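In my numbering, the protein residues as written are 15 to 193.
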């Protein structure tokens, strides 16, 4: 788990450093604002999923695989529905909301936020599977592979930014690697 956490932090903070090297603090500010929006929206999905976690683990421990899978699918469905209810109005009006929240919206904030909001749909799939994987007690390989994939965003992002000087490329790389 330590390696997995280091992979996540390395990827997250590494992207900040790469963006700062290529584009400066204004683009980092845009990314920070987008991540604040992400945190607020993700909290809703996380709270819903936390309610499912004990039951998922209990069903796995009891060997009731069919009920566990049914609950897993329900968890994903409800999370996606909740995300859609939050996502659609936010996605359509994010430029207006950002202009109310901030006096001057940094360049790229809008596109960064929209890409990150799309990524949140993947979280609806990720968390329930992480819970079930944790219930098996055999998460070493999963965690190591996940950390390596997350860390791969750094060299890929760096190479793409060397080729094309477009800051939102790192978000595309992050989305693909996360998927």
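All C-beta atoms, glycine included, are put in the ideal place defined by N, C-alpha and C.
It should be emphasised that the depicted structure is a prediction, and the values quoted were computed from it without experimental measurement.
Using a threshold of 6 Å, is the CB atom of residue i nearer than that to any non-hydrogen atom of the ligand MG?
| i | result |
| --- | --- |
| residue 27 | What this structure holds is no ligand at all, so the ligand MG is not there to describe. |
Check whether the Cβ atoms of residue i and residue j sit closer than 7 Å, and answer yes or no.
| i | j | result |
| --- | --- | --- |
| residue 63 | residue 141 | yes |
| residue 112 | residue 55 | no |
| residue 149 | residue 74 | yes |
| residue 28 | residue 168 | yes |
| residue 187 | residue 170 | yes |
| residue 100 | residue 58 | yes |
| residue 5 | residue 24 | With the chain covering only 15 through 193, there is no way to say anything about residue 5. |
| residue 138 | residue 94 | yes |
| residue 163 | residue 191 | yes |
| residue 78 | residue 145 | no |
Once the 5 residues before and after residue i are set aside, which same chain residues still bring their CB inside 8 Å of it?
| i | result |
| --- | --- |
| residue 33 | 41, 42, 45, 181 and 184 |
Can you look up residue i in the DSSP assignment and give me helix, strand or coil?
| i | result |
| --- | --- |
| residue 72 | helix |
| residue 122 | coil |
| residue 37 | helix |
| residue 15 | coil |
| residue 77 | coil |
| residue 180 | coil |
| residue 143 | helix |
| residue 152 | coil |
| residue 22 | helix |
| residue 135 | helix |
| residue 193 | coil |
Who are the near neighbours of residue i in its chain, counting only those whose CB is closer than 7 Å to its CB and skipping five residues on each side?
| i | result |
| --- | --- |
| residue 121 | 40 and 44 |
| residue 48 | 123, 126, 127 and 130 |
| residue 193 | 136 |
| residue 97 | 59, 134, 135 and 138 |
| residue 71 | 145 and 149 |
Among the residues of its own chain, which have a CB less than 6 Å from the CB of residue i, if the five just before and after it don't count?
| i | result |
| --- | --- |
| residue 147 | 153 and 156 |
| residue 37 | 181 |
| residue 21 | 161, 164 and 165 |
Under a CB-based cut-off of 7 Å, is residue i close to chain B?
| i | result |
| --- | --- |
| residue 145 | Annotation note: the requested chain B is absent from the structure, which comprises a single protein chain. |
Pair every Cβ in the region 83 to 91 with every Cβ in the region 122 to 129, then say whether three or more of these pairs are closer than 8 Å. Taking 8 Å as the limit for Cβ pairs, the verdict is that the region 122 to 129 does not touch the region 83 to 91.
Alpha helix (DSSP H) runs contained entirely in the region 82 to 126, provided each spans 4 or more residues: Considered as a whole, the region 82 to 126 harbours no complete run of any alpha helix (DSSP H) with no fewer than 4 residues.
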